[in-house]
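Visitor:
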Amino acid sequence: MKPPAPYLPAATPALSQADQEALTDLYVRGTPANTLRAYERDLLYVTAWKTARFGSALDWPESEPIALAFILDHARDLNDAPETDVARETAELLIAQGLRKSLSCPAPSTLDRRIASLLAFHRMKNLASPFEAPQVKQARAKARRAAARPPAPKSQHPITRDVLEQLLATCHSTRRDGRDRALLMLGWASGGRRRSEITGLMRVDVSLKEFDESGVVWLSLLETKTTQKGETPRLVLKGRAAQALVHWIEVGGIEDGPLFRPVSKADRVLKRRLSPDAIYQIVKHRLKQAGLPEDFASPHGLRSGFLTQAALDGAPIQAAMRLSLHRSLAQAQKYYDDVDIAENPATDLLG
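Under the working numbering, residue 376 is the last one in the sequence shown; the count climbs by one each step, no gaps.
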């Protein structure tokens, strides 16, 4: 039997073997797949960092000096550090292993995420975390402020309606065109879906019962980044987006299984699901076909574009959030703020 991942609950003498296995299974089932993958990446990085820095594996619980060293090593730019600086030597080893990109100071959000993962690992094992110690918490807060920078947008530009129309104009009559048209329209019109949400859709998640009568298609997402299994409200597609999805289902012969699938060079629909990276490649390809730079936007531009367009059209933010499933009003509000300030008459006072 494959041993449980190191971040899962440690064996507890008070529990029987069956109960321990049930607890481990509960953690796996109760944690979103994307979060589990992030945990694994962070654990790999931190383990490699400690091995390179101290020549030893992680301890459970980890010590406060190690936690403090981790923060200090990731709270400064190491490009100007002496070549004999231990933090720089460690970073160079991680770069050689493909675990770190450069000697530059990592983004505060990256450090926060890795620390959050380590905190979660300790909680899962019912252990006190060194990152809760007063000195370590203070160092973390200072590091966050010292390295503060404007957040980089996930997509260089939002894919607003006019940009989306340019992408759709490149989709013609092949099955691949039909798939891409449906994928782009669903990803945008259903509230700006994330890549994992699009690729996770199954045929059974799409209800066509009302399509013939009212032109409406209902979508049932299993879970999203902000909602849990069984708690995600149904989403709706109307008009051209609904028609494009129904057309794809028909020409793709999608009777069950994954909704969006690879299409071969011979225009044959395969059985496996698209990968999230395939969504990136599709957006990149359609941008190029439309005469736009390939880096003009990323798949997240579907999400930011939907909210930006909702703001431009004067749609109430609550209505847009009902589809985007943003949990934080502040997160959604920033798209509305960008539009509001551009349209603010006070910006034209100088003429």
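Glycine included, each C-beta is placed from N, C-alpha and C at the ideal position.
Who are the near neighbours of LEU119 in its chain, counting only those whose CB is closer than 7 Å to its CB and skipping five residues on each side?
Guide: Excluding sequence neighbours, LEU119 sits near ALA73, TRP74, ALA77 and ARG125.
Visitor: Please give the ranges of any beta strand (DSSP E) in the stretch 202-266, keeping only runs that are unbroken, at least 3 residues long and fully inside the region.
Guide: Here the runs fully enclosed are 242-244 and 260-262.
Visitor: Thinking C-alpha only, which one of ASP105, LYS296, ALA43 and ASP50 is nearest CYS130?
Guide: Checked all of ASP105, LYS296, ALA43 and ASP50; the closest Cα to CYS130 is ASP105.
Visitor: Quick check on the burial criterion: 16 or more other C-beta atoms within 10 angstroms. Buried or exposed for HIS383?
Guide: Residue 383 is absent from the structure shown; the chain starts at 26 and stops at 376.
Visitor: Considering only the beta carbon of each residue, do ALA322 and ALA335 sit closer than 8 Å?
Guide: For ALA322 and ALA335, no; Cβs fall outside 8 Å.
Visitor: So LYS167 is in the alpha helix (DSSP H); what residue range does that whole segment cover?
Guide: Counting along the chain, the alpha helix (DSSP H) containing LYS167 begins and ends at 159-171.
Visitor: Following the continuous alpha helix (DSSP H) through TRP74, name the residue where it begins and the one where it ends.
Guide: Run containing TRP74: 58-79, per the alpha helix (DSSP H) assignment.
Visitor: Hey, out of LEU211, LYS290, MET149 and LEU260, whose CA is closest to TYR52's CA?
Guide: Ranking the options by Cα distance to TYR52, first place goes to MET149.
Visitor: Of all the options MET227, ALA194 and ALA266, which has the alpha carbon lying nearest to the alpha carbon of GLY217?
Guide: Of the candidates MET227, ALA194 and ALA266, the one whose C-alpha sits nearest the C-alpha of GLY217 is ALA266.
Visitor: Taking all protein chains shown into account, do 16 or more other C-beta atoms lie within 10 angstroms of the C-beta of GLU87, making it buried, or fewer, making it exposed?
Guide: With 16 or more other Cβ atoms within 10 Å, it is buried.
Visitor: LEU18 to SER154, Cα distance in whole Å?
Guide: Any property of residue 18 remains undetermined from this structure, which presents the chain solely from 26 to 376.
Visitor: Rounded to the nearest angstrom, how far is the Cβ of ARG200 from that of VAL288, given a contact under 8 Å?
Guide: Contact holds; Cβ gap of about 5 Å.
Visitor: Under 8 Å, do SER215 and LEU348 count as touching if we go by C-beta distance?
Guide: It is a contact, given that the beta carbons lie within the stated cut-off.
Visitor: Considering only residues of the same chain and omitting the five flanking positions on each side of ARG113, which have a CB-CB separation below 8 Å?
Guide: Within the same chain, ARG113 has close Cβ partners LEU103, ALA106, PRO107 and LEU128.
Visitor: Report, in whole angstroms, the separation of the C-beta atoms of VAL241 and VAL271, which I expect to be a contact under 8 Å.
Guide: Wrong, their Cβ atoms sit about 11 Å apart, outside the cutoff.
Visitor: For PRO283, which of helix, strand or coil comes out of DSSP?
Guide: Strand, per DSSP.
Visitor: For the stretch 81-116, list the alpha helix (DSSP H) runs that are entirely contained and at least 4 residues long, ordered along the chain.
Guide: With a minimum length of 4 residues, the continuous alpha helix (DSSP H) runs that stay inside the stretch 81-116 are 89-98.
Visitor: What's the gap between the Cα of ILE307 and the Cα of LEU193?
Guide: Approximately 12 Å between the Cα atoms of the pair.
Visitor: Taking the alpha-carbon of HIS182 as reference, which of ASP237, THR333, GLY277 and PHE156 has the nearest alpha-carbon?
Guide: HIS182 has its Cα closest to that of THR333, out of ASP237, THR333, GLY277 and PHE156.
Visitor: Count the other CB atoms within 10 Å of the CB of LYS27; is the residue buried (16 or more) or exposed (fewer)?
Guide: Residue placement at LYS27 is poorly supported in this model, since its pLDDT is 44, which falls under 50; the coordinates are not used for a value here.
Visitor: Since I believe LEU209 is in contact with ASP230 (beta carbons under 8 Å), could you give me their beta-carbon distance rounded to a whole number of angstroms?
Guide: Not confirmed; about 18 Å, so no contact.
Visitor: Beta-carbon within less than 6 Å of ALA58's beta-carbon, same chain only, minus the 5 sequence neighbours each way: which residues are those?
Guide: Around ALA58: no qualifying Cβ.
Visitor: Please identify the residue among GLN356, ARG328, THR185 and CYS196 whose C-alpha is closest to the C-alpha of GLU222.
Guide: Looking at the Cα atoms, ARG328 is the closest of the given residues.
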